[in-house]
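In order, the protein sequences belong to chains H and G.
Numbering follows this note's numbering, with no gaps: position 113 of the first sequence is 113.
Numbering-wise, this note's numbering comes out as the position in the second sequence, counting from 1, plus 179.
Step one of this worksheet: look at the structure below.
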Amino acid sequence: MIKARTLQDLFKRYRRPGDLAYAVIWFAFSVFLLISLPQETSWASGTKFLAQPAFWPYAAVIAMLAFSGLHLVSSLISERLEGRWVEIAHWLKSFEFGAWFLAYVVLVPRIGYLPATLLFTVILALRLGYRSPRMLGAAALFGLVVVVVFKSLLRVNVPGGAAYELLPPGLASFMLTYF
Amino acid sequence: MDTFLSGIELLLRWDVALALLIGSIGGVIIGAIPGVGAAVAIAILLPTTFALDPIVGLTLLLGVYGSSMYGGALPAILINTPGTAVNALTTYDGYPMTRRGEARRALALAYSASFWGGMFGILCLIFLSPLLALVAPHFGSREIFLAALLGIILVVLAHRGQVFAAGGLAAFGILLHTVGLDVRYNQRMTFEQSWLTGGFNLIVVVLGLFALSQAFLLLTDKDSAPEAQPVQGSLFSAMRETWAYKRVATVAGSFGVLMGMIPGVGEFTAQFMSYTYARRSSATPEAFGDGAPEGLIASEAANNAVPAAAMIPLLALGIPGEALTAMMLSVFYVHNVIPGPQLFQGQLDFVYALYVAMILLNVIVLVFLIFSTNLLTRIIQVPTRFLGMVILTLSFVGVFSLRNSVTDCAIAAGFGVLGLILKRLNLPIVPIVLGMVLGGIMEVKLRSAMIRVNSPLDFVDRPIAAILAGAIVLILVLHVRTLRKEHLARLSEAQIDHEMHDTQQR
Chain H
1 MIKARTLQDL
11 FKRYRRPGDL
21 AYAVIWFAFS
31 VFLLISLPQE
41 TSWASGTKFL
51 AQPAFWPYAA
61 VIAMLAFSGL
71 HLVSSLISER
81 LEGRWVEIAH
91 WLKSFEFGAW
101 FLAYVVLVPR
111 IGYLPATLLF
121 TVILALRLGY
131 RSPRMLGAAA
141 LFGLVVVVVF
151 KSLLRVNVPG
161 GAAYELLPPG
171 LASFMLTYF
Chain G
180 MDTFLSGIEL
190 LLRWDVALAL
200 LIGSIGGVII
210 GAIPGVGAAV
220 AIAILLPTTF
230 ALDPIVGLTL
240 LLGVYGSSMY
250 GGALPAILIN
260 TPGTAVNALT
270 TYDGYPMTRR
280 GEARRALALA
290 YSASFWGGMF
300 GILCLIFLSP
310 LLALVAPHFG
320 SREIFLAALL
330 GIILVVLAHR
340 GQVFAAGGLA
350 AFGILLHTVG
360 LDVRYNQRMT
370 FEQSWLTGGF
380 NLIVVVLGLF
390 ALSQAFLLLT
400 DKDSAPEAQP
410 VQGSLFSAMR
420 ETWAYKRVAT
430 VAGSFGVLMG
440 MIPGVGEFTA
450 QFMSYTYARR
460 SSATPEAFGD
470 GAPEGLIASE
480 AANNAVPAAA
490 MIPLLALGIP
500 GEALTAMMLS
510 VFYVHNVIPG
520 PQLFQGQLDF
530 VYALYVAMIL
540 LNVIVLVFLI
550 FSTNLLTRII
560 QVPTRFLGMV
570 ILTLSFVGVF
580 SLRNSVTDCA
590 IAAGFGVLGL
600 ILKRLNLPIV
610 PIVLGMVLGG
620 IMEVKLRSAM
630 IRVNSPLDFV
640 DRPIAAILAG
650 AIVLILVLHV
660 RTLRKEHLAR
670 LSEAQIDHEM
680 HDTQQR
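Rendered as structure tokens:
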């Protein structure tokens, strides 16, 4: 928990390891955008400068470049903080869970919302290191509650699974509507 | 009075009552669980509310917004971990009270101060509404443009110590809004990619930045479960003590209302001003930070007065002042209700209905907390990685139900990774969302304003426009002055704390 010396400190944000890597990437991205601007925008004839369709992309990218340039300079002249690469490795760990999320997204229209959610919550709970029947049961129960609340009761727009078509007709239409 | 009664009539429906109950109680629980926060919950709930009537959807979201800070005080006081970002200051005086064995007193003061602040904010606004209905029509295109520009500038400058990064992120938000087809149906910033032609959907970006990033953050970190001890004794009887501090609570509520109305400012500044006022006017200023009841009251009364006030720029001008009202704006748009001067003039009953809903939610939350605080201490013990899995599963409903698009989910996952990086670096994500929303407003309003503007001075030839332009200049000048002062009194790098602060991650 923060224990700031003054109250102002509470509202400040400080640099963390990885700041320089972020500043370099953000600056490079801004330069790339600046170079792309002429091809990616168009200027209309007979329109005032501030009302041009290209005005806001130019304003945004120039502001990005200015701020990211200043951020990069301030990062370069600041003392080095240990642990930069450990921090970047931590960022990369999030890709694994991004992939889990996308696998779930791809699975739902194929095997159905209920089976996909149960599979996702239980297998992900196992991946996270939970082994006790209590936690795995809680994961499965949570999956079931989510499907019942959002699909069966609130009828949110999630398509039925293609696999449901393989069920007997009555059951298939029930599953397609509610799960 | 007739308008007020017709506003109440709008609320007399079972679905509104249910939304109010679920929103307010759900908001308390969400606020009390460290690691979730109202922004994550609202982002996930947004697409679900699109299918509901605007009053039902907005009541649900307002319920979550208005009640999460009540819940956030609980872990702040009991375990020194704020439930939501704006409860950080509550730990300063709340946790020392718990260590002294005064947990019940601290919780009772926090809840009653929150109630005081919340009700004070709403009552101020009910009385202010007729005045706002008179002033709002004087906001034309250039005034709304300048107010949105002021909002962007304030949100950047509010991130002290990270102004460069916040400025870059706000500009990135404005850029995101420009991607897609421009007014003349030409491709703009699409890089010949068909998936960029439709532009970036605000909900997809918000879900990625707030919800998915939070899931990734919890999933990639070590598992932990907060442990809070149950509280002994009745909270209700202890709440009366707040009456002894009514001056501090009222002043804090006033700061909350004032700061909440200004786009881009919000809870932190209100708390800062209230806390400073409470300390200066206290007979025992040395007790602040070590369990001073006035400090706790200043923090909680100020932050709870903000939600009602934050609805003012949103409803009267169509300008959201922070991320949560920016998300709510999309509910209006989906139902083709355009917030702005016309709403305040023509549908004042709808506005009153929202205020009455907020009064009710404050009452529901207070009653719920009096009887359920010990139940909440058990609910908040969810392990953090499990919570990450929960958020990831719920985020799917939010993103996929929008238009069943795998591309949307991939974009949201991309923004989730960006959000994780920003949170790990203690950098703010709010400027991206505000940049995106206010960028859209600025582009439209500036284009329509330019029809009547021939010279730069024409832009500020109306009183409100001149005041707004003057405020922008004044804020920039004052910021430069503050920078100079801070530079002279700066700390050495070794004295600065470089730890991650979870209060800055939600």
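C-beta: ideal position from N, C-alpha, C; glycine also.
{"Item": "In this structure, how does DSSP classify G/Leu360 when only helix, strand and coil are distinguished?", "Value": "strand"}
{"Item": "Could you tell me which residues DSSP puts in a beta bridge with G/Gln366?", "Value": "G/Leu360"}
{"Item": "Going by Cα to Cα distance, which pick from G/Phe415, G/Met621, G/Asn482 is closest to G/Phe550?", "Value": "G/Phe415"}
{"Item": "Got a sec, what are the start and stop residues for the alpha helix (DSSP H) G/Pro275 sits in?", "Value": "267-278"}
{"Item": "Do the CB positions of G/Ile600 and H/Trp85 come within less than 8 Å of each other?", "Value": "no"}
{"Item": "For chain H, check one thing: does any of its Cβ atoms lie closer than 8 Å to the Cβ of G/Thr463?", "Value": "no"}
{"Item": "Going along the chain, which residues of its own chain have a beta-carbon closer than 8 Å to the beta-carbon of G/Leu581, five neighbours each way excluded?", "Value": "Pro226, Asn380, Ile382, Val383, Asp587"}
{"Item": "Starting from H/Ala44 and walking both ways along the alpha helix (DSSP H), at which residues does that stretch end?", "Value": "It is not in any alpha helix (DSSP H) - H/Ala44 carries neither H nor E in the DSSP assignment."}
{"Item": "How do the region 448-458 of chain G and the region 303-321 of chain G stand: do at least 3 beta-carbon pairs fall below 8 Å, yes or no?", "Value": "no"}
{"Item": "Is G/Leu645 helix, strand or coil by DSSP?", "Value": "The sequence shown places Ala at residue 645 of chain G, rather than the Leu named in the question. G/Ala645: helix per DSSP, three-state reduction."}
{"Item": "Comparing C-alpha positions only, which one of G/Val659, G/Val639, G/Lys664, G/Thr661 sits nearest to G/Ala326?", "Value": "G/Val639"}
{"Item": "Residues of the region 639-669 of chain G in Cβ contact with chain H at a cutoff of 9 Å, in chain order, please.", "Value": "Glu665"}
{"Item": "Is H/Ala182 close to chain G, meaning its C-beta is less than 8 Å from at least one C-beta of that chain?", "Value": "No answer is possible for residue 182 of chain H: it lies beyond the span of chain H, which begins at 1 and ends at 179."}
{"Item": "For the alpha helix (DSSP H) that contains H/Arg15, what are its first and last residues?", "Value": "Element bounds for H/Arg15: n/a, residue is neither H nor E."}
{"Item": "My output table needs one value for H/Gln52: the three-state DSSP class, helix, strand or coil.", "Value": "coil"}
{"Item": "For G/Gln560, which residues of its own chain have a beta-carbon under 7 Å away from its beta-carbon, when the five flanking residues on both sides are left out?", "Value": "Ala404, Pro405, Glu406"}
{"Item": "Whole angstroms is fine: what's the gap from H/Ala21's alpha carbon to G/Val609's?", "Value": "21 Å"}
{"Item": "Grouping DSSP H, G and I as helix and E and B as strand, with all else coil, what is G/Gln521?", "Value": "helix"}
{"Item": "Do we get a CB-CB distance below 8 Å when we pair G/Cys303 with the residues of chain H?", "Value": "no"}
{"Item": "Should G/Gly497 go down as buried or exposed, given a rule of 16 or more other Cβ atoms within 10 Å for buried?", "Value": "buried"}
{"Item": "Closer than 7 Å by C-beta to G/Ala222: which residues in its own chain qualify, once you throw out the five before and the five after it? Chain order, please.", "Value": "Val385, Leu386, Phe389, Ala390, Met506, Gly577"}
{"Item": "If I follow the unbroken alpha helix (DSSP H) through G/Trp374, where does it start and stop?", "Value": "Note, G/Trp374: premise wrong, no alpha helix (DSSP H); not H, not E."}
{"Item": "Name, please, each residue of chain H whose Cβ falls closer than 8 Å to the Cβ of G/Asn583.", "Value": "Pro109, Asn157, Val158, Pro159"}
{"Item": "At a Cβ threshold of 8 Å, is H/Leu10 touching chain G?", "Value": "Caution is warranted here: a pLDDT of 49 is assigned to H/Leu10, below 50, making its placement in the model unreliable, and no coordinate value can be reported."}
{"Item": "Examine chain G for any beta-carbon lying closer than 8 Å to the beta-carbon of H/Tyr22, and answer yes or no.", "Value": "yes"}
{"Item": "Taking the alpha helix (DSSP H) that G/Gln393 belongs to, which residues open and close that run?", "Value": "392-398"}
{"Item": "Buried or exposed: where does G/Ser373 fall if 16 or more other Cβ atoms within 10 Å of its Cβ makes it buried?", "Value": "exposed"}
{"Item": "To the nearest angstrom, how far is it from the Cα of G/Asp272 to the Cα of G/Glu473?", "Value": "9 Å"}
{"Item": "Helix, strand or coil: how does DSSP classify G/Lys401 here?", "Value": "coil"}
{"Item": "For G/Leu494, which residues from the same chain have a beta carbon less than 8 Å from its beta carbon, with the 5 sequence-adjacent residues on both sides left out?", "Value": "Pro518, Leu522, Phe523, Val530, Leu533"}
{"Item": "Evaluate the contact criterion for the region 289-296 of chain G versus the region 419-436 of chain G: three or more CB pairs, one atom per stretch, below 8 Å.", "Value": "yes"}
{"Item": "Could you tell me whether the Cβ atoms of G/Met418 and G/Ser247 are closer together than 8 Å?", "Value": "no"}
{"Item": "G/Leu613: buried (16+ other C-beta within 10 angstroms of its C-beta) or exposed?", "Value": "buried"}
{"Item": "Please return the same chain residues whose Cβ sits closer than 8 Å to the Cβ of G/Gly346, not counting the five positions on each side in sequence.", "Value": "Val335, Pro610"}
{"Item": "If I follow the unbroken alpha helix (DSSP H) through G/Ala502, where does it start and stop?", "Value": "502-513"}
{"Item": "Does H/Tyr175 have its Cβ less than 8 Å from a Cβ in chain G?", "Value": "Inspection of the sequence shows that residue 175 of chain H is occupied by Met rather than by Tyr. Judged by the 8 Å Cβ criterion, H/Met175 is not in contact with chain G."}
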